[in-house]
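Colleague: Numbering (the working numbering), first residue to last: 580 to 857.
Even glycine gets a Cβ: it sits at the ideal position worked out from N, Cα and C.
These figures come from a predicted structure and were not determined experimentally.
Input: one structure, supplied below.
See below:
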């Protein structure tokens, strides 16, 4: 009996035996492009893509007849850290991925029709979701501002008359954990910029408190907005709502761990039944 109980304890301790992995985006083939581009420029479509065959993303591309727009997630290897306007949507402020890597992700949220919290004065974009092929224990992610967002917060521009520096304004990225039931388990907030500081480098953000997830939701909140309801756009962010991301780290149980778990459960049931019959 003692040996069986010890085996049970060892099996459950194997729950801590996890396979660590990182989504780096280096495996996404961009060819000669600096960033993901639609297959057909004048056709509205949704493009699905993955990295490592474990993390799944998409972006929506809309053709308006004479111009286009997009939202969601793309991969970039753009290195432009000097162009400060909307023509430079795809570069991190460092000009590279985290740790100097070549490729990284870009998240762009829809900056119109945001949800306004009247009690705080902050507005939040709709959530965009990336998913995993199975439930994982999420660990961390590397985050950075894009060049465009950074300089808009630092200096202001045609849409953002007021720089964020020295003001009461702020802009945050919110990452939501989504569990196997499709519910939000928790959320992590990362400061893109505030009156005290604008992030100008890659930062590793701990996501472990989100626990086991099958997906992550991304949204941006800011208290610097304009009301364009009369034009059909609702509450809109004044700063550009872009974020660069890289190195999504997570853990999954090794196959041997599952075998130990099932074996431990069988032992536990056998021990329980024998005690009941004694």
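Taking residue 642 as the reference, give the member of 729, 617, 777, 610 with the closest Cα.
Modeller: Position 63 of the chain shown holds residue 642. That would be 617, whose Cα lies nearest to the Cα of residue 642.
Colleague: Roughly how many angstroms separate the alpha carbons of residue 790 and residue 645, rounded to a whole number?
Modeller: As a first step, residue 790 is located in the chain shown; it is residue number 211 there, counting from the start. As a first step, residue 645 is located in the chain shown; it is residue number 66 there, counting from the start. Going by the C-alpha atoms only, they are around 45 Å apart.
Colleague: Check whether the Cβ atoms of residue 636 and residue 706 sit closer than 8 Å, and answer yes or no.
Modeller: As a working mapping, residue 636 is identified with position 57 in the chain shown. As a working mapping, residue 706 is identified with position 127 in the chain shown. Cβ atoms of residue 636 and residue 706: not closer than 8 Å.
Colleague: Under the assumption that residue 757 contacts residue 795 (Cβ atoms under 8 Å), give the Cβ distance between them as a whole number of angstroms.
Modeller: As a position in the chain shown, residue 757 is number 178, starting the count at 1. As a position in the chain shown, residue 795 is number 216, starting the count at 1. Residue 757 to residue 795, Cβ: 7 Å. Contact.
Colleague: The alpha helix (DSSP H) with residue 734 in it runs from where to where?
Modeller: For the purposes of this step, residue 734 is taken as the residue at position 155 of the chain shown. Start and end: 726-734.
Colleague: Please report the distance separating the alpha-carbon of residue 599 from that of residue 719.
Modeller: Walking along the chain shown from the start, residue 599 turns up at place 20. Walking along the chain shown from the start, residue 719 turns up at place 140. Residue 599 and residue 719: Cα-Cα distance of roughly 11 Å.
Colleague: Can you give, in chain order, each stretch of the alpha helix (DSSP H) that sits fully within the stretch 669-735 and has at least 4 residues?
Modeller: Listed in chain order, the complete alpha helix (DSSP H) runs (minimum 4 residues) inside the stretch 669-735 are 726-734.
Colleague: Are the CB atoms of residue 724 and residue 778 nearer to each other than 8 Å?
Modeller: Position 145 of the chain shown holds residue 724. Position 199 of the chain shown holds residue 778. Contact flag set, yes.
Colleague: Quick check on DSSP: helix, strand or coil for residue 835?
Modeller: Working through the chain shown from its first residue, we reach residue 835 at position 256. Residue placement at residue 835 is poorly supported in this model, since its pLDDT is 45, which falls under 50; the coordinates still yield a value, given next. Helix.
Colleague: Near residue 638, which residues of its chain fall below 6 Å by C-beta distance, leaving aside the five closest residues on each side in sequence?
Modeller: Position 59 of the chain shown holds residue 638. So the list reads 626, 649, 651, 652, 653, once near-sequence residues are dropped.
Colleague: Nearest-angstrom Cα distance between residue 766 and residue 659?
Modeller: Position 187 of the chain shown holds residue 766. Position 80 of the chain shown holds residue 659. Cα-Cα distance, rounded: 31 Å.
Colleague: Identify every run of the beta strand (DSSP E) within the stretch 757-819, keeping only runs that are complete inside it and at least 3 residues long; order them along the chain.
Modeller: Fully enclosed beta strand (DSSP E) runs of 3 or longer: 763-773, 782-785, 791-801, 804-807, 813-816.
Colleague: Use the C-beta contact count for residue 804: other C-beta atoms within 10 angstroms, 16 or more gives buried, fewer gives exposed.
Modeller: The count along the chain shown starts at 1 and reaches residue 804 at position 225. Classification of residue 804: buried, given that the 10 Å Cβ count is 16 or more.
Colleague: Nearest to residue 698 by CA position, among 785, 802, 674, 708, is which residue?
Modeller: Along the chain shown, one-based indexing puts residue 698 at 119. Of the listed residues, the one whose Cα sits closest to residue 698 is 802.
Colleague: Run the CB neighbour count on residue 751, radius 10 Å, all protein chains shown included, and call it buried at 16 or more, exposed below.
Modeller: Walking along the chain shown from the start, residue 751 turns up at place 172. Buried, by the Cβ-count rule.
Colleague: Quick check: what's the CA-CA separation for residue 691 versus residue 823?
Modeller: The count along the chain shown starts at 1 and reaches residue 691 at position 112. The count along the chain shown starts at 1 and reaches residue 823 at position 244. So the alpha carbons of these two residues sit roughly 20 Å apart.
Colleague: Kindly indicate the opening and closing residues of the beta strand (DSSP E) around residue 630.
Modeller: As a working mapping, residue 630 is identified with position 51 in the chain shown. Where residue 630 is concerned, the enclosing beta strand (DSSP E) stretches over 624-630.
Colleague: Tell me, please, whether the stretch 740-748 touches the stretch 806-816 by the rule of three or more beta-carbon pairs shorter than 8 Å.
Modeller: Result no; under three Cβ-Cβ pairs closer than 8 Å.
Colleague: Return no unless some Cβ of chain D is closer than 8 Å to the Cβ of residue 708.
Modeller: Note that chain D does not occur in the displayed structure, where there is just one protein chain.
Colleague: Kindly indicate which three-state DSSP category residue 652 falls into: helix, strand or coil?
Modeller: To locate residue 652, count along the chain shown from 1; it is residue 73. Reduced to three states, the DSSP call for residue 652 is strand.
Colleague: Rounding to the nearest angstrom, what Cα-Cα distance links residue 800 and residue 704 in this structure?
Modeller: By 1-based counting over the chain shown, the position of residue 800 is 221. By 1-based counting over the chain shown, the position of residue 704 is 125. In a straight line, the C-alpha of residue 800 is about 6 Å away from that of residue 704.
Colleague: Would you report the Cα separation of residue 620 and residue 809, rounded to the nearest angstrom?
Modeller: By one-based count along the chain shown, residue 620 stands at place 41. By one-based count along the chain shown, residue 809 stands at place 230. In a straight line, the C-alpha of residue 620 is about 31 Å away from that of residue 809.
Colleague: Taking Cβ to Cβ, would you say residue 736 is nearer than 8 Å to residue 664?
Modeller: As a working mapping, residue 736 is identified with position 157 in the chain shown. As a working mapping, residue 664 is identified with position 85 in the chain shown. Their beta carbons are under 8 Å apart, which means residue 736 touches residue 664 by this criterion.
Colleague: Given that a residue counts as buried once 16 or more other Cβ atoms are within 10 Å of its Cβ, and exposed if not, what is residue 630?
Modeller: Counting from 1 along the chain shown, the entry for residue 630 is found at position 51. Residue 630 is buried by the Cβ-count criterion.
Colleague: In terms of residues, what are the limits of the beta strand (DSSP E) holding residue 642?
Modeller: Reading the chain shown from its first residue, position 63 is the one you call residue 642. 634-642 is the extent of the beta strand (DSSP E) around residue 642.
Colleague: Determine the closest residue to residue 634 out of 684, 781, 662, with distance taken between C-alpha atoms.
Modeller: Here residue 634 refers to the residue found at position 55 of the chain shown. Ranking 684, 781, 662 by Cα distance to residue 634 puts 684 first.
Colleague: Buried or exposed, going by whether 16 or more other CB atoms sit within 10 Å of the CB of residue 829?
Modeller: Numbered from its first residue, the chain shown carries residue 829 at position 250. With 16 or more other Cβ atoms within 10 Å, it is buried.
Colleague: Let's test the definition: count the other Cβ atoms within 10 Å of the Cβ of residue 749 and tell me whether it reaches 16, buried, or not, exposed.
Modeller: Here residue 749 refers to the residue found at position 170 of the chain shown. Answer is buried; the Cβ neighbour count reaches 16.
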